[in-house]
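There are 2 protein chains.
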Amino acid sequence: MTSIALCTINNTARPIARLCQVSRAAHGTADFHSYSTLRKRAFLPGGKWSFIRAGTRRMSHASPGRISLGRYGKGVFLAAGAAAVTGVLTAGVSHFQRAEMATKVSTVEEEEGDIRERCKSFMSLPVTDIRVLEQRKDAMSARMEMLIMETQAAFCKALEEVDGGAFKVDRWSRKEGGGGISCVMQDGKVYEKAGVNVSVVFGNLTEEAAKQMRSRGKVLKGKDGKLPFCAMGVSSVIHPKNPHIPTVHFNYRYFEIEEADGTKQWWFGGGTDLTPVYVDLEDATHFHKTLKKACDKHHPKYYPDFKKWCDNYFYIRHRAETRGIGGIFFDDLDSPNQEEAFNFVKSCAKTVVPCYLPIVYKHLNDSFTPEQKDWQQVRRGRYVEFNLVYDRGVKFGLATPGSRIESILMSLPLTARWEYMHEPTKGSKEAEMLEVLRNPKEWI
Amino acid sequence: MTSIALCTINNTARPIARLCQVSRAAHGTADFHSYSTLRKRAFLPGGKWSFIRAGTRRMSHASPGRISLGRYGKGVFLAAGAAAVTGVLTAGVSHFQRAEMATKVSTVEEEEGDIRERCKSFMSLPVTDIRVLEQRKDAMSARMEMLIMETQAAFCKALEEVDGGAFKVDRWSRKEGGGGISCVMQDGKVYEKAGVNVSVVFGNLTEEAAKQMRSRGKVLKGKDGKLPFCAMGVSSVIHPKNPHIPTVHFNYRYFEIEEADGTKQWWFGGGTDLTPVYVDLEDATHFHKTLKKACDKHHPKYYPDFKKWCDNYFYIRHRAETRGIGGIFFDDLDSPNQEEAFNFVKSCAKTVVPCYLPIVYKHLNDSFTPEQKDWQQVRRGRYVEFNLVYDRGVKFGLATPGSRIESILMSLPLTARWEYMHEPTKGSKEAEMLEVLRNPKEWI
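Residue numbers (the numbering used here), protein chains in the order written: chain A, 483 to 926; chain B, 483 to 926.
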């Protein structure tokens with residue numbers, strides 16, 4: 483939940499369900515029904531997923547050895563990430579096909595595509611006016627907005643396909659600039675609560691606030707103390723009903739700040755992590771292997787370093803246990819260059835569905851006992867503790883006047899439980915889970 | 483939950499159920515069964531309560547007009563309170579009798595009593611060895627420990643009488659000095675979760691830590707930078723099952739620090755507040771009137787000032803609503819003198835049962851719908867948000883390595899719920915509650 487805060491600082495949050503219906507007049511784009519049709523068309527039959535090559539342009543990745551990884555291993559974890567320059571927009575439409583678990587994941591290929599056309603597959607129109615996105619299609623802010631919109635759509639559609647229910651789409655705007663799109667499915671067939679948020683906000687930061695938003699606390703010089711900024715991200719938390727289906731969280735974000743002399747500071751942040759209620763070695767291995775594959779294409783140190791960072795970040799200190807079995811987490815990524823960093827983030831974003839959906843399908847019909855449900859609820863309580871006590875994104879959001887609280891706290895489960903002195907029976911499956919949370923493992 | 487933190491800083495928390503069984507050998511006192519018998523004997527038949535005059539000594543109270551109240555109205559709210567000197571131990575055994583709601587509350591009278599005899603009515607032996615309490619019976623620390631133990635016992639017994647269930651009594655010790663007694667009843671007939679904590683801890687504070695523990699941030703000079711301190715308190719949160727029975731919280735605490743030159747700084751803190759799920763004007767009036775009566779005996783400004791402080795303190799800023807309908811809250815109370823301050827705290831502590839129990843009995847058999855239960859669960863979620871995000875005692879406790887987490891988080895409900903974009907129907911009973919939480923009322 484680290485960057486749900488990106489959809490905050492919103493004094494005039496105006497949720498509009500299915501905005502596409504509202505804004506089509508202004509933009510001349512298709513209405514909600516045509517989006518739905520397109521969404522249906524985007525799916526091929528079958529229950530397991532991977533992204534396939536749909537275009538021809540091969541992205542260039544970071545060169546191993548060129549990046550210094552030392553600084554992000556020092557335990558400085560801040561919530562918001564990345565600042566922008568311009569680039570070449572190459573993100574394309576994603577398609578899905580049958581795939582076996584832990585195979586053929588995320589060959590990050592894309593096709594150049596018409597922005598207006600690509601927008602039709604989104605859950606809502608983008609936050610930025612389509613004409614502006616078209617005009618600025620080479621700017622990193624536009625490319626990242628298209629990526630987060632696509633990530634939201636791909637994930638929501640994959641989840642809807644499993645559940646049979648539909649996401650409620652709330653669109654909100656921010657007085658000072660920007661807004662967001664919150665997609666929530668509550669009390670569905672499969673999900674207790676599923677939320678997928680996009681936010682794109684801009685405005686001016688004070689020098690002090692800008693310093694605090696960056697892990698390294700770099701001093702930035704503003705014009706009259708003010709720094710124009712742009713922040714955007716996609717973030718999601720899925721809490722399934724069945725205790726054998728784990729909770730997943732991911733978040734990918736981009737931040738840019740313009741200094742007085744016109745210099746642009748930018749950085750990316752993000753991560754994907756899994757919170758099961760019971761240990762399933764196959765699930766854990768699949769999840770981490772899929773992430774590693776995405777990371778390895780960009781730098782051999784990304785997976786081990788970001789895996790460790792994830793274990794450190796999602797740590798419930800007062801319980802001396804991690805929130806889940808981890809995944810990857812990174813922040814303040816501005817190397818080796820903007821193009822490579824963006825490509826890495828894109829690989830990660832496109833890995834969300836193949837990381838998680840096979841696990842959902844695998845456990846869809848698992849039976850469970852009331853005791854297993856109770857244990858899930860106790861773990862949900864721990865999830866709440868982490869999110870309210872430690873998560874920097876949530877803390878930043880709650881402390882910011884005018885935040886859109888419903889989007890920030892969308893990450894909380896529908897239900898949770900706190901039992902006094904709860905301790906699993908020795909040798910039980912619950913104790914096995916706790917052991918893993920107390921002593922994070924290497925899964926691959 | 484402001485001072486559950488007092489039972490923290492505990493590196494070697496060792497819960498021992500019904501310590502009385504464990505420690506009787508050391509102290510030569512009665513075992514658990516004799517405590518139970520005594521507890522039963524302490525009750526008179528009937529369901530509504532007030533304290534009656536059981537002794538002859540009249541306590542002297544603070545003189546109205548002598549105390550400057552301005553400073554505690556400035557929004558400086560810290561968790562732990564009060565530091566000690568010596569005094570005369572006069573706290574007596576409490577008895578209960580039938581009483582009509584909002585009548586004859588808290589005639590704070592006591593009898594001089596044998597410490598060993600009084601201890602028999604407690605939920606467990608006191609934290610401090612009885613022989614030490616006997617030797618130091620005139621010291622404020624001993625008097626306060628007897629008061630908090632008595633308050634715990636009186637409240638637990640009153641709650642057990644309603645529920646029919648029994649509290650689980652966990653006793654824990656702190657390596658550096660002191661310990662606590664946590665009484666919890668979970669999933670009872672009436673209560674979803676009921677917790678009543680006592681803690682008595684001592685040791686050395688750094689000058690910086692000592693400064694932070696006091697609202698006014700007074701600089702204290704320690705010997706070699708260290709300040710011997712003693713902190714104790716009783717705190718409780720009761721979450722009933724029936725949505726028509728409100729949640730109650732109270733906490734009374736005492737703090738003392740010894741400076742290098744032997745000067746003792748001391749102060750008290752505390753409060754009692756109610757969190758209903760539905761507005762019941764009669765309940766709210768009874769609750770506040772009972773508190774006001776206790777306050778008025780000591781200073782005419784106590785109730786209005788501490789009522790306002792309570793509304794300000796239990797404010798969920800990100801929701802722009804209070805946690806409940808308030809009550810009283812104060813901290814850093816060291817005037818007009820120690821005896822008067824203690825008498826005020828004693829009045830408050832003895833008002834807990836007559837404040838709350840009549841309300842419990844009134845709604846004991848109220849019927850409720852699943853929708854009303856859901857609304858209760860949503861409000862429970864808000865309770866969790868306040869306690870984890872804002873409560874200074876909880877924050878202090880969670881941030882302190884080695885805290886006894888189970889005692890700190892005992893305040894969390896057994897179950898809670900977070901619904902996305904939950905908004906009660908206009909004109910509904912739920913909307914009426916929300917309106918009161920958004921605009922705190924004067925109840926009397």
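Beta carbons are placed, not taken as given, at the ideal position from N, Cα and C, and that holds for glycine.
query: Within 10 angstroms of the Cβ of Leu756(A), are there 16 or more other Cβ atoms? Answer buried if so, exposed if not.; result: buried
query: For Gly879(B), does the three-state DSSP call read helix, strand or coil?; result: helix
query: Just list the residues that DSSP pairs Cys665(A) with in beta bridges.; result: Val651(A) and Val678(A)
query: Cβ closer than 9 Å: which chain B residues qualify as neighbours of Arg801(A)?; result: Ile887
query: Taking 8 Å as the CB-CB limit, is Val716(A) close to chain B?; result: no
query: In the DSSP output, what is Arg598(B) paired with across the bridge?; result: Paired residues: none, contrary to the question.
query: Starting from Arg613(A), trace the alpha helix (DSSP H) both ways and give me its first and last residue.; result: Ile612 to Gln617
query: So, His768(B) versus Ile720(B), is the Cβ gap smaller than 8 Å?; result: no
query: Check the Cβ of Arg899(B) against every Cβ in chain A and list those closer than 7 Å, keeping chain order.; result: Leu896 and Thr897
query: I'd like to confirm the pairing. Which residues does DSSP put opposite Pro722(B) in its beta bridges?; result: Tyr673(B)
query: Do you know offhand how far Ala898(B)'s Cα is from Thr897(A)'s?; result: 6 Å
query: DSSP puts Ser717(A) in a beta bridge; with which residues?; result: Asn679(A) and Asn733(A)
query: Can you name the residues of chain A whose CB is closer than 8 Å to the CB of Glu912(B)?; result: The contacting residues do not exist; Glu912(B) stays about 17 Å from chain A at best.
query: Starting from Phe812(B), trace the beta strand (DSSP E) both ways and give me its first and last residue.; result: Gly808 to Leu815
query: Please tell me whether Tyr734(A) and Val827(A) are closer than 8 Å, where the distance is taken between their beta carbons.; result: yes
query: How many Å lie between Asn794(B) and Tyr673(B) at the Cα?; result: 28 Å
query: Compare the C-beta of Lys657(A) with all C-beta atoms of chain B and state if any pair is closer than 8 Å.; result: no
query: Does the separation of the CB atoms of Pro895(B) and Lys703(B) fall below 8 Å?; result: no
query: Starting from Leu756(A), follow the alpha helix (DSSP H) in both directions and report where the run begins and ends.; result: Taken as a continuous stretch (DSSP letters only), Leu756(A) belongs to no alpha helix (DSSP H), being part of the beta strand (DSSP E) at Lys746 to Thr757.
query: Using a Cβ cut-off of 8 Å, pull out every chain E residue sitting near Leu880(B), in sequence order please.; result: Protein chains A and B are contained in the structure displayed, whereas chain E is not.
query: What are the residues in the stretch 662-674 of chain B lying within 7 Å of chain A by C-beta distance?; result: Val666 and Gln668
query: Can you pull the chain A neighbours of Val614(B), defined as C-beta to C-beta under 9 Å?; result: By Cβ distance, chain A contributes nothing, its closest Cβ being about 29 Å from Val614(B), past 9 Å.
query: Counting only beta-carbon atoms, is Tyr865(A) nearer than 8 Å to chain B?; result: no
query: Determine, using beta carbons only, whether Met932(A) comes closer than 8 Å to chain B.; result: No information on residue 932(A) is available, as it lies outside the stretch 483 to 926 that chain A covers here.
query: Is the CB of Leu891(B) under 8 Å away from at least one CB in chain A?; result: yes
query: With DSSP as the reference, identify every bridge partner of Lys708(B), one or two as the case may be.; result: Thr688(B) and Lys705(B)
query: Does the Cβ-Cβ distance between Lys925(A) and Ala776(A) come in under 8 Å?; result: Reading the sequence as shown, one finds Trp at residue 925(A) and not Lys. In this structure, Ala776(A) does not lie closer than 8 Å to Trp925(A) by Cβ.
query: Are there 16 or more other CB atoms within 10 angstroms of the CB of Ala566(A), so buried, or fewer, so exposed?; result: Reliability of the predicted coordinates at Ala566(A) is poor, the pLDDT of 23 falling under 50, and the value obtained from them is presented with this limitation in mind. Label assigned to Ala566(A): buried.
query: Answer with yes or no whether the minimum CB distance from Tyr795(A) to chain B is below 8 Å.; result: no
query: Cα-Cα, which of Asn869(B), Cys601(B), His845(B) and Lys779(B) is closest to Asn825(B)?; result: Lys779(B)
query: By the three-class DSSP mapping on this structure, what secondary structure does Thr851(A) have?; result: coil
query: Applying the criterion that 16 or more other CB atoms from any shown protein chain within 10 Å of the CB defines a buried residue, is Ala640(A) buried or exposed?; result: buried
query: Go ahead and pull the three-state DSSP assignment for Tyr865(A).; result: helix
query: When you compare the CB of Phe559(A) with every CB in chain B, is at least one pair closer than 8 Å?; result: Note that Phe559(A) scores 27 on pLDDT, short of 50, meaning its location in the model is unreliable; the coordinates nonetheless yield the value given after this. Output row for Phe559(A): interface = no.
query: Could you confirm whether any beta carbon from chain B is found closer than 8 Å to the beta carbon of Met903(A)?; result: yes
query: Mind checking whether the beta-carbon of Gly704(B) lies closer than 7 Å to any heavy atom of the ligand SAH?; result: Among the components modelled here there is no ligand, and therefore nothing to report on the ligand SAH.
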